[in-house]
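Residue numbers (the working numbering): -4 to 216. Even for Gly, the Cβ is constructed at its ideal location relative to N, Cα and C.
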Amino acid sequence: MSIQIAPSILSADFANLERDLRAIANADMVHVDVMDHHFVPNLTLGEPVVERICQVTDLPVDVHLMIEDPDRWAPEFAKLGVASVTFHTGAVHAPVRLARQLHDMGVKACLAVRPAEPVEPIFDILDEFDMILVMTVEPGFGGQKFLDNQMAKTRRLRDQITARGLDTRIQVDGGVSPATAPIVAEAGADVLVAGSAVYGADDPAKAIDQIRQAAQESYRD
């Protein structure tokens, strides 16, 4: 699989969101963090904004639900035109049932694992998901330092996916930059979420190309 770059609009200028979405036209998808101030200590945006994002951009939209009760809310976000919905192992009650419900709606299902959570408990259900998100920062805020100790977890996950012949992608979110992209790619991640490294750059499109190139050179397929 080729490397995909997913800029996180958490680091964009919310007062100029359409402009900032158009600035990343060379990306592979848009990563949208939805936070409810309960599951994580931050509050971002809801369904009307997500729906409008889907209307403005031509890129696939990946909604990352950092919220309580995704069993209830994930299907609601799936109706908005998104390509994929990511929810957390620590919040969902019936992950397989929810994944199948999303698939029935024509939306990809993705499962997220926080830094303190092991990946081994989800090995038996990997085939139900299109992507696994390994958090390399604590969820809730952008601009945090990259947690390189999550790379061992990423390698174990890649080994399991490869051994079983699955097409499941591995996404890494948190602290991704041209400097850390080779590290996560070598560990087996193929979807890189980048926020500050893209929107903090003078030229977001150029930053995306730099991250993609840095990762592709080290990618462990």
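In this structure ARG159 is exposed. Its beta-carbon is surrounded by fewer than 16 other beta-carbon atoms within 10 angstroms. Counting along the chain, HIS98 sits inside the alpha helix (DSSP H) bounded by residues 90 to 99. Put simply, the backbone Cα of CYS49 is about 21 Å away from that of ASP168. At a Cβ-Cβ threshold of 7 Å, ALA180 and ALA210 count as neighbours. DSSP links HIS26 through a beta bridge to SER3, ASP57.
A Cβ-Cβ contact shorter than 7 Å links PRO177 with SER213.
Taking every protein chain shown into account, the CB of ILE62 has 16 or more other CB atoms within 10 angstroms, so this residue is buried. Around the C-beta of PHE72, 16 or more other C-beta atoms lie within 10 Å, and the residue is accordingly described as buried. In this structure, the CA atom of ASP99 is about 39 Å from the CA atom of ASP198. Excluding sequence positions up to five before and after ASP28, its CB lies within less than 7 Å of the CB of SER3, LEU5, THR39, HIS59, MET61, all in the same chain and listed in chain order. Judged by their CB atoms, ASP125 and ALA111 are not nearer to each other than the 7 Å cut-off. Assignment of ALA200 by DSSP, reduced to helix, strand and coil, places it in the helix class.
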